[in-house]
Structures are given as structure tokens and as C-alpha cells.
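Everything below concerns the one structure shown next.
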Amino acid sequence: MHVRTRWPWISLLLGAVVALNPVGLDFLRSAFSGEQLSRNIAQPIVLSALAILVLVGIIEWLVRFVVFKRRARGAS
1 MHVRTRWPWI SLLLGAVVAL NPVGLDFLRS AFSGEQLSRN IAQPIVLSAL
51 AILVLVGIIE WLVRFVVFKR RARGAS
């Protein structure tokens, strides 16, 4: 039995909205360039936010996997 799952598009869309707005772009820019103080402040925040988005994506994928698996089993 093959269970078709989809990409976690809600998490990807949320990450894109957070990262690609002017405040997010400025924060990313200061996290990986600029002066040492702004890098030390912004980099852990950006990396933590990235880890949270990855975790949310994994949770979304697992939920979709379970839902599609139950639907496939119920339809048989």
C-alpha cells in the first residue's frame, strides 16, 4: 500500500512570510554580516527560528502522513 504525502506547504509558506518581509530580511542580513554585536544577538535568534520552522514542518508532515494513511485504510 502506497501512501501519498505532500510537502508541508503551510510551514514553508509561514517560513517564507517570516523571512521575506522587510524586518525578516534585515534581521537575516544582520545575523550573517555586519558588526560583531549585531551578529552575536541576531544569529542565535535566527537559528532558533529556523529550528522551530523545521520542527513545525516535520510535525505537519507527520500529521499529513497519519491522516492520509487513515483515509487510505478506511477507503479499502
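The opening position of the sequence shown corresponds to residue 1 in the UniProt record's numbering, with each subsequent residue numbered one higher.
By construction, the Cβ of each residue, glycine as well, lies at the ideal position given by its N, Cα and C atoms.
Option in the options with minimal Cα separation from residue i
i     : options                    : result
Ala42 : Ile52, Asp26, Val56, Val18 : Asp26
Pro44 : Pro22, Glu35, Ala31        : Ala31
Residue i (DSSP reduced to helix, strand or coil)
i     : result
Leu20 : coil
Arg6  : coil
Straight-line Cα distance separating residue j from residue i
i     : j     : result
Leu47 : Val63 : 24 Å
Trp9  : Ile59 : 12 Å
Val67 : Leu55 : 18 Å
Ranges of the alpha helix (DSSP H) found wholly within the region 20-48, counting only runs of at least 4: 22-32
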